[in-house]
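Trainee: Got a structure for you, written out below as structure tokens; questions coming shortly.
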Amino acid sequence: MKRKPRVRSTYTEAKEQELHIMESAAAYGIEREVVSVREAKDQLSSLLDHVARGKQIVITSDGRPKAMIVDYQPALLGAPWVSRKALRIKTTVAEDSAPILRKERDEKY
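With the numbering used here applied, the sequence shown covers 12 to 120.
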């Protein structure tokens, strides 16, 4: 399998990309910092402190954004779980609905 040759971006392209990321974040009022992979490896603890204070960190490789570090917010999706036993207790048993349905059906025809 042949690998595609990696095209390394130039310094000016990387700076333009960084500026674009910063400007797009500023348009939404988000404080964002852009760092390279090497800087992120060297300064991970301080970057995590920045994130804890509300900043977002974009990590770039060869001038292109590859990852983002954001503050942790647990994502809870869907309705909270309810056990079947609790559901049975909560649900009341009504009278047989067959006569009611039969009456409604007969009234329509």
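We put the CB at the ideal spot given by N, CA and C, even for glycine. Every value quoted in this text rests on a predicted model; they were computed, and no experiment measured them.
Alpha carbons only, please: which of 63, 33, 116, 32 is nearest the one belonging to residue 84?
Mentor: Here residue 84 is taken as the residue at index 73 of the sequence shown, counted from 1. Comparing Cα-Cα distances from residue 84 to each of 63, 33, 116, 32, the minimum goes to 63.
Trainee: Please classify residue 94: does DSSP put it in a helix, a strand, or coil?
Mentor: Residue 94 sits at position 83 when you count from the first residue of the sequence shown. It is coil, neither helix nor strand.
Trainee: On a CA-only basis, which of 118, 56, 106, 76 is nearest residue 29? Give me that one, please.
Mentor: The count along the sequence shown starts at 1 and reaches residue 29 at position 18. For the residues 118, 56, 106, 76, the minimum Cα distance to residue 29 belongs to 76.
Trainee: Measure the beta-carbon distance from residue 80 to residue 58 and round it to whole angstroms, keeping in mind my assumption that it falls under 8 Å.
Mentor: The residue given as residue 80 occupies position 69 in the sequence shown. The residue given as residue 58 occupies position 47 in the sequence shown. Rounded, the Cβ-Cβ distance is 6 Å, consistent with contact.
Trainee: Go ahead and pull the three-state DSSP assignment for residue 80.
Mentor: Within the sequence shown, the letter at position 69 stands for residue 80. Strand.
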